[in-house]
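Written below as structure tokens is the structure these notes are about.
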Amino acid sequence: MATRTESKKQIPPYMKAVSGSLGGVVEACCLQPIDVIKTRLQLDRVGAYKGIAHCGSTVVRTEGVRALWKGLTPFATHLTLKYTLRMGSNAMFQTAFKDSETGKVSNRGRFLSGFGAGVLEALAIVTPFEVVKIRLQQQKGLSPELFKYKGPIHCARTIVREESILGLWSGAAPTVMRNGTNQAVMFTAKNAFDILLWNKHEGDGKILQPWQSMISGFLAGTAGPFCTGPFDVVKTRLMAQSRDSEGGIRYKGMVHAIRTIYAEEGLVALWRGLLPRLMRIPPGQAIMWAVADQVTGLYEMRYLRNAPL
Numbered sequence: 001m002a003t004r005t006e007s008k009k010q011i012p013p014y015m016k017a018v019s020g021s022l023g024g025v026v027e028a029c030c031l032q033p034i035d036v037i038k039t040r041l042q043l044d045r046v047g048a049y050k051g052i053a054h055c056g057s058t059v060v061r062t063e064g065v066r067a068l069w070k071g072l073t074p075f076a077t078h079l080t081l082k083y084t085l086r087m088g089s090n091a092m093f094q095t096a097f098k099d100s101e102t103g104k105v106s107n108r109g110r111f112l113s114g115f116g117a118g119v120l121e122a123l124a125i126v127t128p129f130e131v132v133k134i135r136l137q138q139q140k141g142l143s144p145e146l147f148k149y150k151g152p153i154h155c156a157r158t159i160v161r162e163e164s165i166l167g168l169w170s171g172a173a174p175t176v177m178r179n180g181t182n183q184a185v186m187f188t189a190k191n192a193f194d195i196l197l198w199n200k201h202e203g204d205g206k207i208l209q210p211w212q213s214m215i216s217g218f219l220a221g222t223a224g225p226f227c228t229g230p231f232d233v234v235k236t237r238l239m240a241q242s243r244d245s246e247g248g249i250r251y252k253g254m255v256h257a258i259r260t261i262y263a264e265e266g267l268v269a270l271w272r273g274l275l276p277r278l279m280r281i282p283p284g285q286a287i288m289w290a291v292a293d294q295v296t297g298l299y300e301m302r303y304l305r306n307a308p309l
């Protein structure tokens, strides 16, 4: 009887949430410069930047090194909250999709759990925080007193005052599509790579070394950017735009933005910023999973033995 009870024990969703939040803090501090460069490249409609290196050096030369960490506060906060919600909600969704007899989750259930977690995080956390982050990152110059937005709080207040509360959810549709697809692919791929590379199955009691988690996380993080590039570009454009003096906006929505970008800038423009995304997302997933796997692994060693992850 005791063995049966023990076998049903699981790492609770709140521990998955804690592991994700800690991973998010570390990731944000390490990779913020890449995110700034990605945003600048995606907003560049006139070819001011010749590539990643030129963009980074231009930002440093004209705005100082600290400009590479513009928007760090909302970025770190949103990553922490995002991973908390993502890891916790994914664990809850997977519990709902588990086979009642075997306790295992099928690839279909894992994919749907990841998609659900991505949609939830996009609506609840990612969209408003990224709107603020992108508005701050697009500001150029060495004189902060001349900036329209003085900081994250001031930026959010200004957007609400000028564009209503819905302004904080500009670009929600492409964000939902991007995050839902990203997380569906990422959670499914991470489990597959753990099995393929390390023979690590959920619930087998084996704890991956940090470098093993980093490799699996890195590989799992590569597929999403290729699939969701257009959604990310459109999201950035929609979030960055504000109403002109006559109250008009350039892009009317996700579909209109895709059509406009394609007509004016060509198909390749819909994948603009792909390389810096590949420089940020896979390493970010490597860092996050290295931290998250260790946290849940330590919990399993301390409180559970052979617990289903």
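So in full-length UniProt numbering, the last spot in the sequence shown is 309, and the numbers never skip. We treat Cβ as the ideally placed atom computed from N, Cα and C, and that holds for glycine. If you're wondering where the values come from, they're calculated on a predicted model, not measured in any experiment.
Going by DSSP, W271 is part of no alpha helix (DSSP H) at all; its letter is neither H nor E.
Contact between the region 255-274 and the region 179-190 is absent, with fewer than three C-beta pairs closer than 8 Å. By the Cβ neighbour-count rule, W211 is exposed, with fewer than 16 other Cβ atoms within 10 Å of its own. Here V65 is exposed, its C-beta having fewer than 16 other C-beta atoms within 10 Å. DSSP places G118 within a helical segment (H, G or I) once states are collapsed to three. Between Y299 and M87, the C-beta spacing is not below 7 Å. Measuring C-alpha to C-alpha distances from V60 to each of L168, P230, K140, N191 identifies K140 as the nearest. W211: member of the alpha helix (DSSP H) spanning 210-220, first to last residue.
Residues K98 of the same chain have their beta carbon placed closer than 7 Å to that of K104, with the five preceding and five following residues left out of the count. Of all C-beta pairs linking the region 231-240 to the region 184-198, fewer than three are shorter than 8 Å, placing the two stretches out of contact. Excluding five sequence positions before and after L123, the CB atoms of its chain that fall closer than 7 Å to its own CB belong to A172, V176, given in chain order.
Cα atoms of A28 and T80: separation of roughly 8 Å, rounded to the nearest angstrom. If you ignore the 5 residues before and after V126, its C-beta comes within less than 8 Å of the C-beta of H78, K82, T175, N179, all in its own chain and listed in chain order. Going by C-alpha positions, Q94 is about 45 Å away from F147. A direct Cα-to-Cα measurement between T58 and Y49 gives close to 8 Å. Per DSSP, reduced to three states, the secondary structure at N199 is coil, with no helix or strand assignment.
One thing to note: S21 has its Cβ within 7 Å of the Cβ of T84. In the pairwise beta carbon analysis, the region 212-221 is classified as touching the region 274-294: at least three pairs are separated by under 8 Å. Between I34 and P276, the CB-CB gap stays under 7 Å. In this structure, L274 places its C-beta atom within 7 Å of the C-beta atom of G229.
Residues V185, M186, A189 of the same chain have their beta carbon placed closer than 8 Å to that of A223, with the five preceding and five following residues left out of the count. Classified as exposed, A263 has fewer than 16 neighbouring CB atoms from the shown chains inside 10 Å of its CB.
In the DSSP assignment, L142 falls outside any alpha helix (DSSP H), carrying neither H nor E. Contact annotation: I134 and A240 have beta-carbon atoms nearer than 7 Å.
Pairing L168 with P128 gives a Cβ-Cβ distance under 7 Å. L142 is classed as exposed because its beta carbon has fewer than 16 other beta carbons within 10 Å across all chains shown. In the structure shown, I11 adopts coil according to DSSP, grouped into three states.
The alpha-carbon separation between L166 and R302 amounts to approximately 45 Å. In summary, C30 is exposed, with fewer than 16 beta-carbon neighbours lying within 10 Å of its beta-carbon over all protein chains present.
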